[in-house]
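Protein chains in written order, with this note's numbering: chain U, 341 to 764; chain X, 46 to 288; chain G, 2 to 204. Just so it is clear, CB atoms sit at the ideal spot from N, CA and C, and this is done for glycine as well.
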Amino acid sequence: MKKALTILLLAASFFSCKKTYEVLQPDYATWALFKNPAAIRINTSARNAMEGVYNLKTGTDVFGELVAVKWSYAIRGGDTSFHVSGFFGKDVAWFICEGKRLGDSILLNGYWRKMVNVETGIMRFVINQANGANKILSANPIIDSGSITMDGVFGAGQDEPKVAISFTYDRKLNKSPAPFEILAHRGGGRTSDLLQVSENSVNIILKTPEFGSTGIEIDVRFTKDGVPILYHDNDLNLRVVQKSGLVGPIENYTYDQLTAFVRLVNGEKIPTLREALNAVLYQTGLTFVWLDTKYIGSLAPVQAIQKEFLQKAAAAGRNLKIVIGLPGKDQYFSFLELPDYLNTPSLCELSIEEAATTNSIWAPRFTEGLQADKVAQVQAQGRRVFSWTVDVPDFVTQFVQKGNFDGVLSNFPSSVAFNYYTNE
Amino acid sequence: MLGKFIKIFAVIVAGCNCYSKAPAQDSTFKAKHAAILFPYPMLTEKWRSSIGFTLMTTPEDITEEVRLRIPCGDFRVLRRINNHLNLDGRIMFQLLQNHISLGIRYVKPLTKQLYVAAGNDLGYWFGFLKIGGFNSRASGLVNYPHLSVGYKTNKNLLISFKAQVSLNLDYKAVNGESVFTSKQNFYNGETFTVSLEQPFFKQKHLLLAISTINNYFYWQTWSLFYKTDRKVFYPQITVALIQ
Amino acid sequence: MSKPFFGLIIAVMLLAATLLPAQETIAVDSTARPRRAFVVHVGGGYAHYTRGVKVRAIGLAGSIVRSTVAATFRFMWYPSYRLRFGIETGYTNFYSYSVKNGNVAGRVSLNAIPILFVWSMPLVKRVNVYAGIGTYILNTNLEYQGNVKSRDYVLGSNFAISYTVPLNKNLGLAAEAKYMNAFETRDATLGIQVQAVWRIAKL
C-alpha cells in the first residue's frame, strides 16, 4: 500500500502544474530626462507629422519589419492626455508612449507589450534634431521617406531598457478604404487579454484609442430595476467580477445592489450604458459604438438612449455613430417592433436578407470567410459590412488586406490597426 | 521556483519509496488483471480493448460561457506484437471533432508488482462546423511520446502514472475560403495521467483516470481559434469498460 | 488554495508515506472475495473557508465569517474489489459578511449543496479515502435594499479521508477530514465531521 500511496501522491504533485499568467504594466516614470521641467507637450501639428509607417532598422527579430505610428487622446479628470502608439507586425506587439519636446529633441516614454503572450517592458525613444525633430517641430512639417528616425531602447519587465530599437519613416498611414472601422471587442479586449483595465468598463473605453481603436463594441444588459449596464456574461462569475458572494444571473440584482457589492476584475464598478456613452462622447475621439444587446426584451429603452446620445453628439460637433446590435432572432424581432426602426441605426449579425429588412450594417462572423460576393452585394445596396471577432493574426491580415469589409471587430485592435495602416 | 523544487523533491522521495528488493518476476502473469493504461506485457492475449468516455472542463477565460461539457467517446485497442511490444490504437470521437492515434508501446516488468513502459503515438485530429455562422474546418498532426509506471496491488487494483508530451507537427484551419496553416508551437505541452483499473462485474474491468492537460493548443477547442503563446490547463477524467 | 501550497501538502504527504512502516508481504488468498454491500454515511461537523475572498463591498462591517457547519449524506456501493463508488450530497455555508452603507445595512451569505459522484478506496484497516466530482448548487442570500435569493450551478470536487470504528456488524462511527472545492468559483472549505456509517444491505 505504501507504494500505491506513493504513486498516487507523486501523480497528485503534478496536478499543481497549472500556470497562472499575469501582466504587470511596468512603471516607466523613471526616465530622468523625461521629467526635466523644461520638457513641454508636443503640439498638434508635430503629432500629426510623426504619424506614419516606419521601417525597423534594429529590433526586427523581436517586433518585425514595420511599425505603424499613431497618436490618440483621452480626457481624464478634465486633463487631456495624448499618447503615441506603435503597432508592430509580429506577435501583436505594440508600444504606448507619452511624448514631450525638450529643446530641439522629441522624447517618447512608455512601455511595450505582446498580446499573444505576457511579454512587456519599458520602451523609450529620442528623435534628435538631425534625425528629423527639426522637421517635425517646424511650422509646416513636410515629411518624406527617411526624414525621421526614432532611436530607442527597450527592456523586459521593470528592467532598465538597454536593447536598441530604431525605425525610419517610410510613408504616410494608409487610410483607404475610408472610413474603415477598427472596432475593439468589449471596449478594448477581454479579461483573458490581461489588460490592466476590465472589459466593458469606462476605464477600457478611455484606454482603447491607445490600442488603435476607432470604435468599440460593448455589451448591454438590464438590471432587475431596469437600469441598462455594460456586462457580457449571463451570470456573475469570476471571469468578469471579483468574488463577492453574489452568484447567478445579473438580472436578479438591482443596480444599487450591484454597485454596493460587485466590482469588475480590476476593481471598477459595473458602468451604466449612459456612463459609457458619456465617456465615449466627451472623453475620447472614438467615432463608432456598437451596442451588442445581450438581453431578450424590448429594445425601446436602448433606442431612446441611442437617440439621446446621437443628438448630444451632433450638438457637440462630434462625428459619432451608435448602432443597436442584433445578435440573434429574439433581438431581430424586438427591433422590428420598434417604431421607425428603418431609420434607427443598427447592425445585424444574421443573414443578408434579414440585415436588408432592418436596413442594418451586416456583420457576419469571420468563420464564414471573406464572402466577397455577399459583401459586394450589401455594399451595392448602400450599407456597410463588418466582420467579427477576428483575432488570429493571419486571419486579421487576410480580412483587412484581402477582404472588402468596412470594419473589423477584434480583441486585438492593434493588429487590425497595423494591417490597415501598413496596407499598400 | 518553489513549485519546481517541490516536484524534484517529490520525485526523489517517490523513487526512495518505490525501490525495494525485487522479488522473482511473475512469469505466469495472467490477463485476469485486464488493463488498458497499466503497462503490462500481453503474454497470452492478442487483443484488448476498452470503450468509454472522457470528460473535460475547459478554461473559463478562453471558452467563457461556452464550456465544453459534452463527453467525448473513447475507444482503445491494444494488439500484441511480442512479450514486450504492443500496438496501441485510440479513437476519440465527439462528432464535430475527432482524434485518431496509433502508436507503439514497450513494456518492461521491473518487479512482481512494478511495471514501466515507454511509447510513442502519432495522432491526427479533425473538426468541422457548418452551422450557426460557422463555415469552418480544421485538422492537425500531433506526436505523443510517453512514459508510464504501474503498480499492481495485492487486491486486483492496478495503479498507473503516465507522463506524455505533445509535439505539434501540423495545423490547418479554413474559414470559408480563408486558409491558415502553421507549424508553430512544435512543443505543445504535457499531459499527466493517473489511472485506476480493477474488475467491475463479470468479465468486465473498469478504468478510471484523471489527467491534467497543459497545452498551448488542444484539439477539442479548435473552433475557438484561440491562438496565443500561453499554455492552457484542461483537467480531464476518463471512464471506460475494458474487455 | 495556491499552487505552491497544494504542492507542499503533497510533498509532506509523500514524506509521511516514506515513514509508513513497509507492509509485510501477506499471503493473501486472492480467491476469497469480500462481501458486497450498500453503505450509507450520514454526518456533519465543522468547516472553515480556505480560499481568498477580498470583498470590496461598500461599508464592510466586521470581518468575513469563514467558520461554518457542514453536513454529508453519502450512498456507496462496495463491490468485491478495492475501488468503491457512490453518490454524495450535503451542505456547507462558504462564507458570509455584513455591510453598513450610511443608514443601509445588509448581509450576504453564500452556501452550497454538492451533488457528486464519489470513488472510495481503503488505505489500511479502517482508513478510507474518498474523491468526488460533480456539481455544487451555489445559493446567494442577499439582504440589502430588498432580499435576493440567487442560484448558480458550478463544477466542483471533494477529497476526504476517514477513520471508522465499528460499533457492531452493520454500524460504525467515522471521523472524516474533508476538503470541499467548488473549483469553478474558487470556493472551498476544509473541515472535520463525525458520521454514522451504516451497511444497509449485504450481497
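Quiz item: Counting Cβ pairs closer than 8 Å, one from the region 79-90 of chain G and one from the region 53-69 of chain G, do we hit at least three?
Solution: no
Practice problem: Have a look at the DSSP bridge pairing and note the partners of U:Q750. | Solution: As a working mapping, residue 750 of chain U is identified with position 410 in the first sequence. Note that residue 750 of chain U is Ser in the sequence shown, not Gln. DSSP, once it has assigned bridges, lists U:A524 as partnering U:S750.
Self-check item: Span separating the alpha-carbon of U:V736 from that of U:N471
Solution: Residue 736 of chain U sits at position 396 when you count from the first residue of the first sequence. Residue 471 of chain U sits at position 131 when you count from the first residue of the first sequence. Each residue's CA atom was taken as its position, placing U:V736 and U:N471 some 33 Å apart.
Quiz item: What does a CB cutoff of less than 6 Å around U:N763 pick up in its chain, not counting 5 residues either side in sequence?
Solution: By 1-based counting over the first sequence, the position of residue 763 of chain U is 423. Excluding residues within five positions, the ones whose Cβ falls inside 6 Å are N514 and Q741.
Quiz prompt | Neighbour flag for G:G157 against chain U, beta carbons, 8 Å | solution = Counting from 1 along the third sequence, the entry for residue 157 of chain G is found at position 156. No, its Cβ sits nowhere closer than 8 Å to a Cβ of chain U.
Quiz item: Is G:A161 close to chain U, meaning its C-beta is less than 8 Å from at least one C-beta of that chain?
Solution: Sequence index remark: in the third sequence, residue 161 of chain G carries index 160 (1-based). Chain U contact via Cβ: absent.
Self-check item: Identity of the residues DSSP links to G:G135 by a beta bridge
Solution: Residue 135 of chain G sits at position 134 when you count from the first residue of the third sequence. Residue pairing by DSSP puts G:G135 in a beta bridge opposite G:L117 and G:G157.
Quiz item: Do the CB positions of U:A421 and U:Y413 come within less than 8 Å of each other?
Solution: Taking the first sequence and counting its residues from 1, the one referred to as residue 421 of chain U is at position 81. Taking the first sequence and counting its residues from 1, the one referred to as residue 413 of chain U is at position 73. Per the sequence shown, the amino acid found at residue 421 of chain U is Ser instead of Ala. Cβ distance < 8 Å, so U:S421 and U:Y413 count as in contact.
Quiz prompt | X:G195 versus U:T612 - alpha carbon distance | solution = Along the second sequence, one-based indexing puts residue 195 of chain X at 150. Along the first sequence, one-based indexing puts residue 612 of chain U at 272. Roughly 58 Å separates the two Cα atoms.
Self-check item: Three-way DSSP call (helix, strand, coil) for U:P501 in this model
Solution: By one-based count along the first sequence, residue 501 of chain U stands at place 161. Residue state, collapsed to three classes: coil.
Quiz prompt | Nearest neighbour of U:I590, chosen from U:Q582, U:N577 and U:Q721 [CA to CA] | solution = Looking up residue 590 of chain U in the first sequence gives position 250. If we check each option's Cα against that of U:I590, U:N577 comes out closest.
Self-check item: Beta-carbon separation (whole angstroms), U:P685 vs U:I522, contact threshold 8 Å
Solution: For the purposes of this step, residue 685 of chain U is taken as the residue at position 345 of the first sequence. For the purposes of this step, residue 522 of chain U is taken as the residue at position 182 of the first sequence. Not confirmed; about 19 Å, so no contact.
Quiz item: In terms of residues, what are the limits of the alpha helix (DSSP H) holding U:S385?
Solution: What you label residue 385 of chain U is simply residue 45 of the first sequence in a count that begins at 1. First-last of the alpha helix (DSSP H) with U:S385: T384 to M390.
Self-check item: Start-end ranges of the beta strand (DSSP E) lying completely within the region 416-484 of chain U, minimum 3 residues
Solution: 419-428, 433-442, 445-454 and 460-467
Self-check item: Inter-residue spacing [alpha-carbon to alpha-carbon] between G:R200 and G:N171
Solution: One-based indexing of the third sequence puts residue 200 of chain G at position 199. One-based indexing of the third sequence puts residue 171 of chain G at position 170. Their backbone Cα atoms lie some 5 Å apart in a straight line.
Quiz prompt | Run of the alpha helix (DSSP H) containing U:S674, from where it starts to where it stops | solution = Taking the first residue of the first sequence as 1, we reach residue 674 of chain U at position 334. U:S674 -> alpha helix (DSSP H) spans K669 to L676.
Exercise. Evaluate contact between the region 724-736 of chain U and the region 209-225 of chain X, counting only Cβ atoms and requiring at least three cross-stretch pairs below 8 Å.
Key: yes
Quiz prompt | Minimum Cβ-Cβ distance from U:F735 to chain X less than 8 Å | solution = Taking the first residue of the first sequence as position 1, residue 735 of chain U is located at position 395. Chain X contact via Cβ: present.
Self-check item: Beta-carbon neighbours of G:I134, restricted to chain X and to distances below 7 Å
Solution: As a first step, residue 134 of chain G must be located in the third sequence, where it is residue number 133. Here the neighbours are I282.
Quiz item: Given that G:Y164 touches chain U, what residues does it touch there, using C-beta distances under 9 Å?
Solution: Taking the third sequence and counting its residues from 1, the one referred to as residue 164 of chain G is at position 163. The contacting residues do not exist; G:Y164 stays about 15 Å from chain U at best.
Quiz item: Using CA coordinates, which residue listed in X:Q265, X:K200, X:T103 and X:E242 is at the minimum distance from X:F173?
Solution: Numbered from its first residue, the second sequence carries residue 173 of chain X at position 128. Comparing Cα-Cα distances from X:F173 to each of X:Q265, X:K200, X:T103 and X:E242, the minimum goes to X:Q265.
Self-check item: Cβ neighbours of U:L546 in the same chain (closer than 7 Å, five flanking residues each side left out)
Solution: Taking the first sequence and counting its residues from 1, one reaches residue 546 of chain U at position 206. The residues are A414, R416, A619, Q623 and T624.
Self-check item: Exposed unless 16 or more other CB atoms sit within 10 angstroms - verdict on U:D670
Solution: In the first sequence, the residue the question calls residue 670 of chain U occupies position 330. So U:D670 ends up on the exposed side.
Exercise. Please list the partners that G:S110 has in chain B, where partner means a Cβ-to-Cβ separation under 9 Å.
Key: Here chain B cannot be found, since the structure's protein chains are U, X and G.
Quiz item: Got a sec: which bits of the region 69-89 of chain G sit with their beta carbon under 8 Å from any beta carbon on chain X, in order along the chain?
Solution: P80, S81, Y82, R83 and L84
Quiz item: Nearest chain X C-beta to U:E362 closer than 8 Å, yes or no?
Solution: By one-based count along the first sequence, residue 362 of chain U stands at place 22. Not one chain X Cβ lies under 8 Å of U:E362.
Self-check item: is_contact[X:Y279, chain G] using C-beta, thresh 8 Å
Solution: For the purposes of this step, residue 279 of chain X is taken as the residue at position 234 of the second sequence. Cβ-Cβ to chain G under 8 Å: no for X:Y279.
Quiz item: Is the Cβ of X:R135 closer than 8 Å to any Cβ of chain U?
Solution: Position 90 of the second sequence, counting from 1, holds the residue named residue 135 of chain X. In terms of beta-carbon proximity, X:R135 stays away from the interface with chain U, with every pair separated by 8 Å or more.
Quiz item: Helix, strand or coil: which one does DSSP assign to G:K55?
Solution: Reading the third sequence from its first residue, position 54 is the one you call residue 55 of chain G. Coil at G:K55, not helix or strand.
Quiz item: Which residues in the same chain have their Cβ closer than 7 Å to the Cβ of U:W371, if we skip the five residues on either side of it in sequence?
Solution: Taking the first residue of the first sequence as 1, we reach residue 371 of chain U at position 31. Correct list, in chain order: N449 and R464.
Exercise. Run down chain G in chain order and give the residues with a C-beta less than 8 Å from the C-beta of X:N260.
Key: By 1-based counting over the second sequence, the position of residue 260 of chain X is 215. Those within 8 Å of X:N260 in chain G number zero; the least Cβ separation is about 18 Å.
Quiz item: Is G:Y82 helix, strand or coil by DSSP?
Solution: Sequence index remark: in the third sequence, residue 82 of chain G carries index 81 (1-based). Three-state result, G:Y82: coil.
Quiz item: Which residues, taken in chain order from the region 580-604 of chain U, show a beta carbon closer than 9 Å to some beta carbon of chain G?
Solution: Q582, K583, S584, G585, L586, V587, G588, P589, N592, Y593, T594, D596, Q597, T599, A600, F601, V602 and R603
Quiz item: Mapping DSSP to helix, strand and coil, what is X:L202?
Solution: Walking along the second sequence from the start, residue 202 of chain X turns up at place 157. Three-state DSSP puts X:L202 in coil, outside helix and strand.
Quiz prompt | Residue from X:R135, X:A79, X:N131 and X:R125 with nearest C-alpha to X:F98 | solution = Position 53 of the second sequence holds residue 98 of chain X. Of the listed residues, the one whose Cα sits closest to X:F98 is X:R135.
Quiz item: Of all the residues that make up the region 185-204 of chain X, which are near chain G by a beta-carbon distance shorter than 8 Å?
Solution: T198, N199, K200, N201 and L202
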